[in-house]
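The structure under discussion appears below in the form of structure tokens.
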Amino acid sequence: MKKIKKISLFNRVTPIEHLESLSKQLEGPKIFIKRDDLTDAALGGNKVRKLEYILADALETGCDTIITTGGPQSNHARITAGVCAKLGLRCVLLLSGKKNVLEGNLLLDKIFGADVRFADSWDFDKIQKMMEELAKHLTEKGHKAYPVPVGGASGLGTMGYAECFSEILAQEKELNLEFDRIVVANGSGGTQAGLEIGKMENRSKKEILAMSVLFKKAKALEYVKKEIAEGYKVLGKNTPELNGIIIDDSYLGEGYAIPDERVIETIGLVGRSEGIILDPVYTGKAFGGLIDYIKCGKISKNENILFIHTSGYPGIVNMTEKHKIYFEKF
Numbered sequence: 006m007k008k009i010k011k012i013s014l015f016n017r018v019t020p021i022e023h024l025e026s027l028s029k030q031l032e033g034p035k036i037f038i039k040r041d042d043l044t045d046a047a048l049g050g051n052k053v054r055k056l057e058y059i060l061a062d063a064l065e066t067g068c069d070t071i072i073t074t075g076g077p078q079s080n081h082a083r084i085t086a087g088v089c090a091k092l093g094l095r096c097v098l099l100l101s102g103k104k105n106v107l108e109g110n111l112l113l114d115k116i117f118g119a120d121v122r123f124a125d126s127w128d129f130d131k132i133q134k135m136m137e138e139l140a141k142h143l144t145e146k147g148h149k150a151y152p153v154p155v156g157g158a159s160g161l162g163t164m165g166y167a168e169c170f171s172e173i174l175a176q177e178k179e180l181n182l183e184f185d186r187i188v189v190a191n192g193s194g195g196t197q198a199g200l201e202i203g204k205m206e207n208r209s210k211k212e213i214l215a216m217s218v219l220f221k222k223a224k225a226l227e228y229v230k231k232e233i234a235e236g237y238k239v240l241g242k243n244t245p246e247l248n249g250i251i252i253d254d255s256y257l258g259e260g261y262a263i264p265d266e267r268v269i270e271t272i273g274l275v276g277r278s279e280g281i282i283l284d285p286v287y288t289g290k291a292f293g294g295l296i297d298y299i300k301c302g303k304i305s306k307n308e309n310i311l312f313i314h315t316s317g318y319p320g321i322v323n324m325t326e327k328h329k330i331y332f333e334k335f
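One rule links them: number in this note's numbering = place in the sequence shown (from 1) + 5.
Structure follows, in structure tokens:
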């Protein structure tokens, strides 16, 4: 794969761990987890891999200000704010919705020194245009601003998980095993798009199963295909025929960032079994979907499954009292 310029924001290959206790309890396949929650920068997560490429381009073009967006409790916004602080860049966050309670990721945004604003809209296409207008305004004031799409979902952003796919293949050799499926949460689509590019570039036949936590299947697929095409532009290649992209929206529940009982039970089960914390927005929903696949027999007992932990720890503090009561019974 073509070498694309990036900066280093974490200095190690994230580990793959066997969830032995949980695998035994579920009496299903062997479940492994790739700990991308341990990517160091600003409490870690999948966005760090994307920002290594995006911010390399921003610095290369002489930008001094990064503008990005997300929900009020956006992991992407939090990590962008933290990394900008480390790199000495100004960070402006134009978050969706209205002004929120200062807790969780929003509190961390402020701790990292971000200029936090609210768009009074949940339409990210509209917010993208607002960011571009803000970038022009800042340029007129003598700054050079760089707008980053929601979730870091861009051609450059996909390179982070295209590279991660190659990293997983190398780890398979070290572990002397082969994963049949990779399971991941799908939000704005960039992580899955990157994995799909990595799969195609490595001519792999692995199944990538994405559990949508934000959009219905048709819209999620549209975003993923768009970002794959943008990724191939970065690589200077034509986009291959896109077949076999799997997105399941069955575990979306009532919508984005609204955890249901399955999500809360999943967080509790994984925490008690493996000492690993999942979040109620992304990984809790996606792992809950994986468990349901196993219980329904959609995944056979002889498979090796790799779940990518994309982090999101601060989301735990935003659980409602109703959700917290669940854990009092243990």
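Backbone N, C-alpha and C define an ideal beta-carbon position, used for all residues, glycine too.
Can the beta-carbon of residue i be found closer than 9 Å to that of residue j?
| i | j | result |
| --- | --- | --- |
| L100 | T74 | yes |
| K221 | L257 | yes |
| G192 | G236 | no |
| E212 | F170 | no |
| K55 | G156 | yes |
| I313 | V188 | yes |
| A190 | Y287 | yes |
| I252 | L226 | yes |
| A82 | A119 | yes |
| Y331 | E246 | no |
| T315 | D114 | no |
| V268 | G109 | no |
| F129 | C96 | no |
Taking residue i as the reference, which of the options has the closest Cα?
| i | options | result |
| --- | --- | --- |
| G102 | I84, I213, P77, I116 | P77 |
| G317 | I36, T325, A262, S278 | A262 |
| L31 | Y298, E259, V229, G157 | Y298 |
| A47 | E266, L14, D265, L60 | L14 |
| V106 | D185, L92, V121, G67 | V121 |
| K329 | A167, I132, K303, D265 | D265 |
| T163 | E246, I59, N243 | I59 |
| I281 | E25, A86, I310 | E25 |
| E279 | K146, M6, E22 | E22 |
| N243 | R267, K231, L92 | K231 |
| N307 | C68, L112, R186 | R186 |
| G93 | E108, L113, L64 | L64 |
| F292 | G302, G320, L311 | L311 |
| G33 | K224, F184, I296, I84 | I296 |
| K39 | N309, I304, C301, N323 | N309 |
| L112 | F332, K327, L174, P319 | P319 |
| W127 | G147, T85, S79, I233 | S79 |
| I233 | E145, L161, R208 | L161 |
| G147 | G67, N110, F117 | G67 |
| R17 | C301, M6, G49 | G49 |
| N248 | G241, K210, A175, I304 | K210 |
| T196 | K224, P20, N51 | N51 |
| K7 | M324, L182, G241 | G241 |
| I1 | L182, G289, L214 | Residue numbering for the chain in the displayed model covers 6 to 335; residue 1 lies beyond these limits and cannot be assessed. |
| F123 | K131, E145, L98 | L98 |
Within a Cβ cutoff of 8 Å, which residues of the same chain sit near residue i, ignoring the five residues on either side of it in sequence?
| i | result |
| --- | --- |
| D125 | G102, K103 |
| L174 | N207, S209 |
How would you write the range of the beta strand (DSSP E) that residue i sits in, first residue to last?
| i | result |
| --- | --- |
| E183 | No beta strand (DSSP E) holds E183; DSSP gives it neither H nor E. |
Are there any heavy atoms of the ligand MG lying less than 8 Å away from the beta-carbon of residue i, as far as the coordinates show?
| i | result |
| --- | --- |
| K11 | The model depicted lacks the ligand MG and carries no ligand whatsoever. |
What are the partner residues of residue i, as DSSP defines its beta bridges?
| i | result |
| --- | --- |
| N191 | S217 |
| E22 | I38 |
| H148 | According to DSSP, which records beta bridges pairwise, H148 is partnered with nothing at all. |
| C96 | I71 |
| L311 | F37, I187 |
| R122 | L99 |
| D253 | M216 |
| V153 | T73 |
Near residue i, what residues of its chain come up, given a Cβ to Cβ distance below 7 Å and the 5 sequence neighbours on each side ignored?
| i | result |
| --- | --- |
| E137 | P152 |
| P154 | Q133 |
| V88 | L14, A46, A47, L56, L60 |
| L143 | T70, A150 |
| V239 | I9, G160, L161, M164 |
| V275 | L27, I281, L283, F292 |
| S305 | P34 |
| M135 | L99, A124 |
Mind checking which residues open and close the alpha helix (DSSP H) that includes residue i?
| i | result |
| --- | --- |
| Y58 | 52 to 65 |
| H142 | 129 to 145 |
| K329 | 326 to 331 |
| N110 | 109 to 116 |
| T271 | 266 to 279 |
| L226 | 222 to 240 |
| L339 | The structure shown does not extend to residue 339, since the chain is modelled only from 6 through 335, so no value can be given for it. |
Using a Cβ-Cβ cut-off of 6 Å (strictly less than) and excluding sequence neighbours within five positions of residue i, which residues of its own chain qualify?
| i | result |
| --- | --- |
| Y228 | G194 |
| S28 | K35, I36 |
| G294 | M216, Y256 |
| A90 | F117, G118 |
| Q176 | I21 |
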